[in-house]
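Student: Numbering (our numbering), first residue to last: 146 to 326. Where a beta carbon is used, it is the ideal one built from N, C-alpha and C, also for glycine.
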Amino acid sequence: MKHIKNFSNWLFEAYGDKYPKGQFIELGLSDIKDYLKDVYELIKTAYEKKGGNLEIKSPQDIQRSDINYWVLNDIDVDPDVDVVIGGKDTPSGKKMTIMGQDGSREAKKAAVEKMISLMKTRGFYAELDLDLSQKMGLPYIKDEKTIRKVINKNLTMNDDGSYTREIGGEPHVKVLVGIPK
Numbered sequence: 146m147k148h149i150k151n152f153s154n155w156l157f158e159a160y161g162d163k164y165p166k167g168q169f170i171e172l173g174l175s176d177i178k179d180y181l182k183d184v185y186e187l188i189k190t191a192y193e194k195k196g197g198n199l200e201i202k203s204p205q206d207i208q209r210s211d212i213n214y215w216v217l218n219d220i221d222v223d224p225d226v227d228v229v230i231g232g233k234d235t236p237s238g239k240k241m242t243i244m245g246q247d248g249s250r251e252a253k254k255a256a257v258e259k260m261i262s263l264m265k266t267r268g269f270y271a272e273l274d275l276d277l278s279q280k281m282g283l284p285y286i287k288d289e290k291t292i293r294k295v296i297n298k299n300l301t302m303n304d305d306g307s308y309t310r311e312i313g314g315e316p317h318v319k320v321l322v323g324i325p326k
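(1) What residue ranges within the region 146-218 form continuous beta strand (DSSP E) runs of no fewer than 3 residues, ordered along the chain?
(2) With three or more C-beta pairs closer than 8 Å as the rule, is the region 165-174 touching the region 212-220?
(3) Near residue 232, which residues of its chain fall below 6 Å by C-beta distance, leaving aside the five closest residues on each side in sequence?
(4) Look up residue 271 in the DSSP assignment and give the residues it is bridged to.
(5) Can you tell me whether residue 371 is helix, strand or coil according to DSSP?
(6) Assuming residue 230 is part of the beta strand (DSSP E), what are its boundary residues?
(7) Nearest to residue 162 by alpha carbon, out of 189, 273, 226?
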């Protein structure tokens, strides 16, 4: 029996009815549109304890964002997507900017494992909070010249190799991880 969702008077299959379980599948923005509410809920769940995501505050924000690289995974018995990771193209490669999951231990683990895998791939990078990079076991780039080239925004270097920059009108301490081009 197929699970059908009603979305803006169109009928769409559930994610797991269209894509294989247990695999990260790269989708374009046109494909993501079918799952906007689900993807938004995963992002909302993942960022809840931090007060929400700075960029994605509604399903419509996903469509308006410059995120053009999406990977999704359905890891459990229901047909809904459980993990999402997103990023955007930059001159330094794909900057991963968002992770979402359904709150389950398995989905959190899958999201972290995929992010770690991406950060070990040339051309992928991310700005993370220092504590998150440490929890993931990801070494961070401390070379100021590289950081300034990749980030290409106004920032202040800190003594430990982290940096402070304004995001959403607020100062945030970040570290650069991955292998940018």
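Tutor: Concretely, from the data shown:
(1) 149-152, 155-158, 170-172, 214-218
(2) yes
(3) 214, 239, 240, 241, 242
(4) 241, 322
(5) Residue numbering for the chain in the displayed model covers 146 to 326; residue 371 lies beyond these limits and cannot be assessed.
(6) 228-235
(7) 226
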